[in-house]
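Protein chains in written order, with our numbering: chain A, 4 to 361; chain B, 4 to 361. Where is the CB? At the ideal position from N, CA and C, for every residue including glycine. In this text, all values refer to a predicted model and were calculated from it rather than measured experimentally.
So this is what it looks like as C-alpha cells:
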C-alpha cells in the first residue's frame with residue numbers, strides 16, 4: 004500500500020517507532036518540557052516570532068477552524084472569506100452557524116483568484132478579517148498570501164489562514180506575511196497521525212479580540228489553552244501520542260523539509276506532462292497535484308486502489324469525475340511516482356485507450 | 004515505568020502492535036466496515052440496543068461532554084447536575100458558558116450522594132435532565148446509576164451519564180439503566196491512546212431534542228456525525244489510528260474484561276488494608292482507589308514517580324495533599340500492585356515513620 008493522499012499520508016519510519024512505545028502520563032514536568040519544546044520548534048518552522056502563541060487542540064483541522072472563528076469574532080463583525088472550494092465553504096458554514104456576518108468571494112471551478120476580485124469587496128465594505136485556505140485542498144489552488152496580506156494591512160483587517168495542507172509544502176512565514184492566526188494539522192506534511200491541530204495566533208489578535216470575547220466554549224477556549232501552555236500543559240487530556248510524534252518530527256526535520264515535497268511535486272508533474280496527462284492552469288500548491296481525468300476520475304481512484312494498492316484522493320461533489328488529487332506529503336520518493344504513473348497509463352490504455360485519457 | 008494513572012493508562016501489547024502500523028486512507032469502504040463494526044461491538048459492550056446510535060468524536064472527553072450538552076439542551080431547559088468534584092463541576096461550567104439554567108447538587112469532599120438529596124431538588128423544580136459522572140474521577144466516588152435512573156423515569160427527565168472513567172471498570176448497561184446519553188473515551192479502561200470520545204445516544208433523545216435544536220456547532224454537530232456514521236464515516240478526518248486501536252480492542256476483549264479491573268481493585272485495596280493505609284468510606288468505582296495520605300499525598304506522587312518510576316494520579320485543588328488516586332485500568336497485574344505497595348511502605352517509613360502515615 005502506498006498513500007498519495009492528502010491526509011493521513013504515508014508515515015515516516017521514525018514516526019511509527021515513536022507510535023510503538025508506551026505512552027507516558029502527561030501531568031508531569033517531563034511532558035511539560037516536551038510541550039514547551041514543541042511550541043518553540045513549531046514557532047521556528049512557522050516563522051512565528053515572540054509575538055505569537057501556539058494553541059494545541061485535540062481535534063481535526065475543522066475543529067481548529069471553528070475554534071479560531073468563535074474565539075476571535077462575533078455577530079458585530081463582518082468577515083471576508085475566499086470560497087474556492089469545499090474548505091473555503093467550511094469557513095462560510097462556521098459563520099452561518101455562529102451568526103457572524105460575512106461575504107464570500109466565490110470562485111468557480113478552475114477560476115484563479117485575482118487581487119481585483121478581493122479589492123472589489125474591500126472597497127465597498129469594511130471587514131474585520133480575511134479568512135483563506137493557503138491552498139484550497141479540494142482543488143489544489145495555491146492563493147498568493149503576500150498579495151492577500153497586503154490587502155489586509157491596507158484595510159486594517161486581521162488575516163486568518165488555514166494552512167492545514169499547505170504548511171510544510173509551500174513557503175509560509177507568519178510574521179513576514181502578516182498572518183494573525185495560522186491553522187495547521189498533524190496528518191498533513193508532518194505525516195503524523197490525525198487528531199491534533201495547532202493554531203499560531205498573534206499577540207495582537209489574542210489581546211484585541213480573544214481576551215475581549217465572552218467565553219463561548221469550554222473545550223476550545225483559547226484563553227484556557229494559552230494559560231495552560233505557559234507551563235507546557237493543556238486544559239484537558241490531549242492526544243499525548245501525537246504530541247510525542249510531533250516532538251520527534253520537529254527535532255528530526257528542519258525548516259527545509261518542504262524541499263522533499265516540492266521535489267516530488269515537480270517530478271510527478273513532469274511525469275504527467277511526459278505521459279499526456281493534464282493539470283489545471285491555476286497556481287498549484289506543492290502539497291498535491293490535481294489531475295484532469297474527466298469523466299473517469301473516480302474510476303481511476305477506484306482502480307488504483309483496488310488493483311494496484313495505490314491510494315490517491317478522490318473528489319466529492321461536481322469534481323468527483325473530473326479530477327483526482329495526488330498528494331506529495333509524507334514518506335514518498337520518486338520511485339513511488341514512477342509506479343503511480345505506470346499504473347495510470349495502464350488504466351488509461353486498458354479501459355479507454357490513449358485518446359480518451361482526458 | 005508503570006502507569007497506575009486514570010488515563011492515559013498502561014497500554015496492552017496488542018494495542019501497541021496496531022499503533023506501529025502505517026495508517027490507511029479512511030474514505031474507503033474498507034475503513035467504513037471497520038467503523039460499522041466498531042459501532043456494533045461498542046453498542047454490545049454498552050448494552051446499547053437498536054434504540055441507540057454511536058457518535059465518534061475526535062476530542063477529549065470534555066469535548067464530548069460539551070457536545071452532548073449543546074446538542075441536546077438550550078436556554079429553555081433546566082438541568083440538574085451532580086457536582087461531586089472537578090468533573091461534575093465541568094458540566095456546570097459548560098452550562099454557564101452556554102447559558103443553560105441548572106441546579107447543582109454540590110457534594111462536600113467525602114460526602115456520599117443520597118437519593119434524598121436528589122429528590123429534594125426534583126420535588127421542588129421541573130428538570131429536563133439529570134447529568135452525572137458515573138464515577139466522579141477526581142475522588143473515585145461511584146454513584147448509584149440505578150437509583151438515579153429511577154428518579155429520571157419518575158420525573159420524566161433525560162439521563163445523561165459521563166462514564167468516561169467508569170466504562171469497562173464498573174457495570175454499565177445503557178438500555179437497562181435508562182441512560183439517554185453515555186459518554187466514554189479511548190484512554191481509560193480500553194487503554195487506547197487519548198484523542199477519541201464516543202457518545203451512545205438514545206433514539207428518543209436524538210429525535211426529541213437533537214433534531215429539533217438549531218445547529219450550534221459545525222465540528223460537534225451530532226446530526227452530521229450520525230448521518231455520516233450510517234455509512235461508517237465521520238464528517239471530518241477522525242483520529243484514524245485510535246479507531247483502529249478501538250477495533251482491535253473490541254474484537255479482543257469481551258464484555259467481561261472489567262473482571263480484570265475489578266480484581267486489581269480488590270487486590271490493591273486488600274494490600275492497602277493489610278499495610279495500614281486508609282481509603283475514603285464512600286462507594287468506590289473499580290476504576291481507581293483513592294488513598295488517604297493527608298498531608299503528604301503530593302509528596303507520595305512525586306517520590307513514586309521520581310524514585311520508583313511508578314506513576315499514580317495526583318489531585319488538584321483542596322485534595323492535592325490529601326489523596327493520591329491509584330488506577331486499575333489498563334495492562335496491570337497483581338505484581339505491579341505488589342511493587343507499588345512496597346514502594347509506598349518504603350516512602351512512609353523512610354520519610355515520616357509508620358506513625359505519620361495517615
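Asked                                                                                                                                                                                       : Found
Between A:61, A:328, A:49, A:8, which lies nearest to residue 200 (chain B) when the distance is taken from Cα to Cα?                                                                       : A:61
Return helix, strand or coil for residue 390 (chain A), following the three-state DSSP convention.                                                                                          : Only positions 4 to 361 of chain A appear in the structure, and residue 390 (chain A) is not among them; the question remains open.
Out of A:18, A:28, A:8, which one is the CA nearest neighbour of residue 14 (chain B)?                                                                                                      : A:28
Please list the partners that residue 23 (chain B) has in chain A, where partner means a Cβ-to-Cβ separation under 7 Å.                                                                     : 19, 22, 23
Counting only beta-carbon atoms, is residue 298 (chain B) nearer than 9 Å to chain A?                                                                                                       : no
Since residue 5 (chain A) and residue 336 (chain A) should fall inside the 8 Å C-beta cutoff, what is the C-beta to C-beta distance between them, to a whole number of angstroms?           : The Cβ separation is near 10 Å, so there is no contact.
Does the contact criterion of 3 or more C-beta pairs under 8 Å hold for the segment 28-37 of chain A versus the segment 346-353 of chain A?                                                 : no
Shorter than 9 Å from the beta carbon of residue 284 (chain A) to some beta carbon of chain B?                                                                                              : no
On the premise that residue 261 (chain A) lies in contact with residue 172 (chain A), defined as a C-beta separation below 8 Å, what is that separation, rounded to the nearest angstrom?   : 6 Å
Which residues in the same chain as residue 249 (chain B) place their Cβ atom closer than 8 Å to its Cβ, once the five residues preceding and following it in sequence are excluded?        : 41, 45, 189, 193, 195, 199
Could you work out which residues of chain B lie near residue 244 (chain A), taking near to mean beta carbons separated by less than 9 Å?                                                   : 11, 22, 196, 197, 198, 244, 245
Would you say residue 335 (chain B) faces chain A, with C-beta separation under 9 Å as the test?                                                                                            : no
In this structure, does DSSP put residue 128 (chain B) in helix, strand or coil?                                                                                                            : coil
If you draw a straight line from the C-alpha of residue 242 (chain B) to the C-alpha of residue 203 (chain A), how long is it?                                                              : 22 Å
Between which residues of its own chain and residue 286 (chain B) is the CB-CB distance below 6 Å, once the five residues before and five after are set aside?                              : 145
Taking only runs of the alpha helix (DSSP H) that begin and end inside the segment 35-110 of chain A, which ones reach a length of at least 4 residues, in chain order?                     : 64-75, 89-100
Between the alpha carbons of residue 114 (chain B) and residue 68 (chain A), how many angstroms are there, rounded?                                                                         : 42 Å
When you check each C-beta in the segment 222-240 of chain A against every C-beta of chain B, which residues fall closer than 9 Å?                                                          : 222, 223, 224, 237, 238, 239, 240
How is residue 144 (chain A) classed by DSSP in three states: helix, strand or coil?                                                                                                        : strand
Kindly indicate which residue of A:158, A:232, A:246, A:219 has the alpha-carbon position closest to the one of residue 197 (chain B).                                                      : A:246
Is it buried or exposed for residue 140 (chain A), if we count other Cβ within 10 angstroms and need 16 for buried?                                                                         : buried
DSSP state of residue 119 (chain A), grouped into three classes?                                                                                                                            : helix
Where do the ends of the beta strand (DSSP E) carrying residue 165 (chain A) lie?                                                                                                           : 161-165
Under 8 Å between beta-carbons, which chain A residues line up against residue 317 (chain B)? List them in chain order, please.                                                             : 30
Between residue 152 (chain B) and residue 181 (chain B), which are expected to be in contact by the criterion C-beta below 8 Å, what is the C-beta distance as a whole number of angstroms? : 4 Å
Tell me, please, whether the segment 118-125 of chain A touches the segment 263-279 of chain A by the rule of three or more beta-carbon pairs shorter than 8 Å.                             : no
Hey, which unbroken runs of the alpha helix (DSSP H) at 4 residues or more fall wholly within the segment 155-207 of chain A?                                                               : none
Using a Cβ cut-off of 9 Å (strictly closer), state whether residue 100 (chain B) contacts chain A.                                                                                          : yes
How would you list, in chain order, the residues of chain B whose beta-carbon sits under 7 Å from the beta-carbon of residue 314 (chain A)?                                                 : 28
Taking the beta carbon of residue 66 (chain B) as the centre, do at least 16 other beta carbons fall within 10 Å, making it buried, or is it exposed?                                       : buried
Between the Cα of residue 134 (chain A) and the Cα atoms of A:98, A:142, A:128, A:112, which residue gives the shortest distance?                                                           : A:98
Flag this pair as touching only if the segment 43-57 of chain B and the segment 68-78 of chain B have three or more C-beta atom pairs under 8 Å; answer yes or no.                          : no
Measure the CB-CB distance between residue 136 (chain A) and residue 166 (chain A) and report whether it falls below 9 Å.                                                                   : yes
If you measure between the beta carbons of residue 292 (chain A) and residue 328 (chain A), is that distance less than 9 Å?                                                                 : yes
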